[in-house]
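Residue numbers for the sequence shown follow the UniProt record's numbering, beginning at 1 and rising by one. For glycine and all other residues, C-beta sits at the position ideal for the given N, C-alpha and C. Predicted model, so just to flag it, every value in this text is computed and none were measured.
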Amino acid sequence: METLDITYVDVGENYLVARMPVTAKVHQPDGVLHGGASVALAESVGSAASYVFLDGQEFFVRGIEISANHVKSIREGFVFAKASIIHKGRTTQLWEIKITNEEGDLISNCKLTTIALPRK
Numbered sequence: 001m002e003t004l005d006i007t008y009v010d011v012g013e014n015y016l017v018a019r020m021p022v023t024a025k026v027h028q029p030d031g032v033l034h035g036g037a038s039v040a041l042a043e044s045v046g047s048a049a050s051y052v053f054l055d056g057q058e059f060f061v062r063g064i065e066i067s068a069n070h071v072k073s074i075r076e077g078f079v080f081a082k083a084s085i086i087h088k089g090r091t092t093q094l095w096e097i098k099i100t101n102e103e104g105d106l107i108s109n110c111k112l113t114t115i116a117l118p119r120k
């Protein structure tokens, strides 16, 4: 979280929102947000949401698959990632993570599958 300066800014009944600054630290060589940084943000907020909405004292949460469609570039400012639950199973969870800019324009749409493993 520290490396990418990700902070959690909102939580609701079935969603979690994180914010990340778009700076040279997360740029591709041509000065736009790197898709890998977007995916790291998406997995961070989705996994954290799984932890929040499951009993983190009873389960380890791990991401097992992630996909991303990058639809718009951004050079500066902030991006916001909102993880919303699509499926909340006992073992696997499916999250949609929409990454938007400060104006609400879609930057990336991601899907994350997590697994809850019992702590023993």
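For I107, the CB contacts under 8 angstroms within the same chain, skipping 5 residues up- and downstream, are L33, S38, H70, V71, K72, S73, I74, V79, I99, T100, N101 in chain order.
By DSSP's assignment, N14 forms no beta bridge with any residue. Per DSSP, the unbroken beta strand (DSSP E) holding E96 starts and ends at 92 to 101.
If you look at E43, you'll find it isn't in any beta strand (DSSP E); it sits in the alpha helix (DSSP H) that goes 35 to 53. L16 is classed as buried because its beta carbon has at least 16 other beta carbons within 10 Å across all chains shown. Bridge partners of P29 according to DSSP: none are assigned. A check of alpha carbon separations from A116 across I64, E43, E2, A81 identifies I64 as the nearest. When the beta-carbon positions are compared, L112 and E43 come within less than 8 angstroms of each other. Contact between A83 and A49 holds: their C-beta atoms lie close to 4 angstroms from each other, under 8 angstroms. The beta carbons of A18 and A81 sit closer together than 8 angstroms.
With 16 or more other CB atoms across the displayed protein chains lying within 10 angstroms of its CB, G46 is buried.
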